[in-house]
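J.: Below: one structure in structure tokens.
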Amino acid sequence: MITTLPLVISDIDYPDSDGLPMAESDLARNYLVYGVEALNFYFRDQPHIYVSGNLLIYYEKGNPKAVIAPDVFVIFGVTKKARGSYKVWEEDNQVPAFVLEITSKSTVSEDQGTK
1 MITTLPLVIS DIDYPDSDGL PMAESDLARN YLVYGVEALN FYFRDQPHIY VSGNLLIYYE
61 KGNPKAVIAP DVFVIFGVTK KARGSYKVWE EDNQVPAFVL EITSKSTVSE DQGTK
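Residue numbers are given in the UniProt record's numbering: position 24 of the sequence shown equals residue 24, and the series is strictly consecutive.
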């Protein structure tokens, strides 16, 4: 008789921070804060629209290196609540419908390419 054992994934660490400082100019930081606050205000009466920014979004279960941190983003269909990070598979596979990257001359190629 052959017995099949379920695959058990060990506890994988998905940090809430990448350990790097947010090195933004005053202007870029102000745009980021304004973007998050304006969208939160706009969607204030919508309990299933989540707005955040500079939050780690893990998009592949089991791979903590599969992560992005958009400056500002909006996700429809998930509860509006505080999170330390966002794991797509724990949120009914809902991903950002809108992403805003605040760019500068020194980061434009990375912001428009790598990210």
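Even for Gly, the Cβ is constructed at its ideal location relative to N, Cα and C. In this text the structure is predicted, and so the values were computed from the model without any measurement.
1. Would you report the Cα separation of residue 67 and residue 2, rounded to the nearest angstrom?
2. Taking the C-alpha atoms as reference points, what is the distance between residue 78 and residue 102?
3. Distance, Cα to Cα, residue 54 vs residue 4?
4. So, do the segment 34-42 and the segment 11-20 have three or more beta carbon pairs nearer to each other than 8 Å?
5. Compute the Euclidean distance between the alpha carbons of residue 83 and residue 25, then round it to the nearest angstrom.
6. Measuring CB to CB, does residue 89 end up less than 8 Å from residue 65?
7. Does the distance from the CB of residue 47 to the CB of residue 75 come in under 8 Å?
8. With a CB to CB cut of under 6 Å and the five nearest residues on each side skipped, what residues in its chain are close to residue 57?
9. Tell me the DSSP bridge mates of residue 58?
T.: Put simply:
1. Looking up residue 67 in the sequence shown gives position 67. Looking up residue 2 in the sequence shown gives position 2. Whole-angstrom Cα-Cα distance: 38 Å.
2. The count along the sequence shown starts at 1 and reaches residue 78 at position 78. The count along the sequence shown starts at 1 and reaches residue 102 at position 102. Near 24 Å, if we compare the C-alpha coordinates of residue 102 and residue 78.
3. Within the sequence shown, the letter at position 54 stands for residue 54. Within the sequence shown, the letter at position 4 stands for residue 4. Rounded to the nearest angstrom, the gap between the Cα atoms of residue 54 and residue 4 is 42 Å.
4. Two segments are said to touch when three or more pairs of C-beta atoms, one from each, lie closer than 8 Å; by this definition the segment 34-42 does not touch the segment 11-20.
5. To locate residue 83, count along the sequence shown from 1; it is residue 83. To locate residue 25, count along the sequence shown from 1; it is residue 25. Between the C-alpha atoms of residue 83 and residue 25 there is a straight-line separation of about 25 Å.
6. Within the sequence shown, residue 89 is the residue found at index 89, counting from 1. Within the sequence shown, residue 65 is the residue found at index 65, counting from 1. Not a contact, by the Cβ cut-off of 8 Å.
7. In the sequence shown, the residue the question calls residue 47 occupies position 47. In the sequence shown, the residue the question calls residue 75 occupies position 75. The criterion of a C-beta distance shorter than 8 Å is not satisfied by residue 47 and residue 75.
8. As a working mapping, residue 57 is identified with position 57 in the sequence shown. Taken in chain order, the residues that qualify are 68 and 86.
9. Numbered from its first residue, the sequence shown carries residue 58 at position 58. Listed as beta-bridge partners of residue 58 by DSSP are 67 and 87.
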